Amino acid sequence: MTQGPCSSLKVEPLNPTHLAWFPQLQSVLLGGLIARLEQRFPDLLPSRSPRCVVGVDAEGPLAAAVSHPINRRGSCWTLHWPQQLRPSAQVSRRTVQRTLLQAAVQRGEHQVRSWVIRCPAADADAIALLRELGFQPLRPFQVWLPPSMPPKAAAPLSPGLAWQPINRRNAQRLWPLEQGGCFSHLRQITDRHWLDLLDRRGAGCGVLLAGDTVLAGCLQLNERGQACQLELMRDVAWDPRLDQALPYVLQRIQCSQPAANLVTALDDAPMAECLLGQGWTRGEEQLLLGRSLWRRQTTPRNAQLSRSLDQVFGRLRPQGQPFPSPSLGRR
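Residues in the sequence shown are numbered consecutively from 1, following my numbering.
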């Protein structure tokens, strides 16, 4: 048990006694037990299990914060905003949130090198708190709410196009598209491999293929705090074939996950136009923030290139006896 900045607030790992207040965290408690095995055998068991810390005051459990790995290496974890049961007379809400988030980060294992978290882009207080904890904005997203009416039958895909569930073969083809939407610093923080895409499979997910070319893909956010949210992505350049194929893809997604929200890049205007045309409505804007402990790798200096100026110019021997110049006259 650790003590928070306020003496009346303590932070504890999730245990069975807390389930009376947080019954929805039963699976997280089981995952915490599995996480211990993953910690002992990191080379045999990939990191997949969530962990949770609970804030406790004099009256009992007050709030809980869940974290979850987003890659199999366990080098990057996502934090979920603390769930608070009730207000506290001794501790402010901001203090509870800051204490739990900071405790979750500090309890990370040695292989955890970075953290990410999503929050509403309009929540200035949450962003300010995360900035105080060392998080920096990485990428904005747009959330889309599904149509209220059942989806209409869309035209079938054109010959040569196919919508396939995610498997090992098409995940490798989807990988460059998923990475293409991230700049280098974000890729370094998430530290993902194409095999990590297999952990983002689920209902509604798939890959739109034109032969061996991937046009679009739909993946789970792989963040269990974001319930029923799927990420819809495409290549940087808009392919005209998406105009005909996306209505079919959206119908398949809505039939498989009727209550699922979609998440797209905030600046993807062609995708937004297509979603609006199919009855989807704009939700909140999300901001992905990250905190990294990675250090820039410096290459060792070549000994031949690190000689001092005295050694270099010493060979010129400016005080030495000059060599005779060759004669250009007749011999």
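Even glycine gets a Cβ: it sits at the ideal position worked out from N, Cα and C.
Keep in mind it's a predicted model, so treat the numbers as computed, not measured.
Where R94 falls: helix, strand or coil (DSSP): DSSP places R94 in helix when its eight states are reduced to three.
Touch test, the region 110-129 against the region 250-260, Cβ-Cβ under 8 angstroms, three pairs minimum: They do not touch, by the three-pair rule.
Residues near E231 by beta carbon distance below 6 angstroms, same chain, minus five either side: Same-chain partners within the cutoff: L219, L221, V263.
Contacts around A332, its chain only, beta-carbon distance under 6 angstroms, and the 5 residues preceding and following it disregarded: With the chain covering only 1 through 331, there is no way to say anything about residue 332.
Three-state secondary structure assigned by DSSP to P270: Helix, per DSSP.
Backbone CA spacing between R201 and H193 [nearest angstrom]: Between R201 and H193, the C-alpha separation is close to 15 angstroms.
Bounding residues of the alpha helix (DSSP H) (the contiguous stretch that carries L242): For L242, the enclosing alpha helix (DSSP H) begins and ends at 242-256.
Exposure label - P61; buried when at least 16 CB within 10 Å: Counting Cβ neighbours within 10 Å, P61 comes out buried, since at least 16 surround it.
Check whether L336 and L174 have beta carbons under 9 angstroms apart: Because the chain spans 1 through 331 in this model, residue 336 falls outside it and cannot be assessed.
Contacting residues, own chain, Cβ-Cβ under 7 angstroms from D57 (five flanking each side not counted): Excluding residues within five positions, the ones whose Cβ falls inside 7 angstroms are S8, L9, S88, Q90, V91.
Chain-order list of residues whose beta-carbon lies under 8 angstroms from that of M233 (same chain, five-residue window excluded): Annotation for M233: L177, E178, G181, A216, G217, C218, L219, T264, A265 place their beta carbon closer than 8 angstroms to its own, counting only its chain and skipping 5 residues before and after.
First through last residue of the alpha helix (DSSP H) which encompasses L232: Unbroken run through L232 is the beta strand (DSSP E), 229-234; no alpha helix (DSSP H).
Distance between W77 and H185 (C-alpha atoms, nearest Å): Between H185 and W77, the C-alpha separation is close to 16 angstroms.
Those residues which DSSP pairs with G204 across a bridge: In the DSSP secondary-structure assignment, G204 is not bridged to any residue.
Residue interval of the alpha helix (DSSP H) (run including T190): Where T190 is concerned, the enclosing alpha helix (DSSP H) stretches over 184-190.
Cutoff 7 angstroms; reference R187; Cβ partners in own chain excluding five residues on either side: Excluding sequence positions up to five before and after R187, its CB lies within less than 7 angstroms of the CB of Q179, all in the same chain and listed in chain order.
Local conformation of P16 per DSSP, three classes: Secondary structure of P16 (DSSP, three-state): helix.
DSSP state of N71 mapped onto helix, strand, coil: Correct three-state label for N71: coil.
Three or more C-beta pairs below 8 angstroms linking the region 145-152 and the region 273-283: Of all C-beta pairs linking the region 145-152 to the region 273-283, three or more are shorter than 8 angstroms, placing the two stretches in contact.
Within 9 angstroms, strictly: CB atoms of A128 and A65: A128 is not a Cβ neighbour of A65, given a cutoff of 9 angstroms.
Nearest neighbour of A260, chosen from G204, D191, A122 [CA to CA]: Of the candidates G204, D191, A122, the one whose C-alpha sits nearest the C-alpha of A260 is G204.
Other residues of its chain near L29: CB distance less than 7 angstroms, five sequence neighbours each side excluded: Here L29 has L14, P16, L19 as same chain residues with Cβ atoms under 7 angstroms from its own Cβ, once five neighbours each way along the sequence are excluded.
Close Cβ partners of Q229 (< 6 angstroms) along its chain, the five nearest in sequence each way excluded: Excluding sequence neighbours, Q229 sits near L221, N261, V263.
Residues that DSSP places opposite P61 in a beta bridge: Partner(s): V56.
Under 9 angstroms between C-beta atoms of Q102 and L157: With contacts defined by Cβ atoms closer than 9 angstroms, Q102 and L157 do not form a contacting pair.
E285 - partner residues in DSSP beta bridges: Q142, per the DSSP bridge assignment.
Cut-off 8 angstroms between Cβ atoms - residues of its own chain near A238, not counting five sequence neighbours on either side: Sequence inspection shows Trp at residue 238; the Ala mentioned does not correspond to that position. Apart from the 5 residues on each side of it in sequence, W238 sits with its Cβ closer than 8 angstroms to the Cβ of P270 in its chain, given in chain order.
Unbroken stretches of the beta strand (DSSP E), 3 residues or longer, contained in the region 159-185: The region 159-185 contains these whole beta strand (DSSP E) runs: 161-164.
As assigned by DSSP and simplified to three states, the class of Q83: In the three-state scheme derived from DSSP, where H, G and I count as helix and E and B as strand, Q83 is classed as strand.
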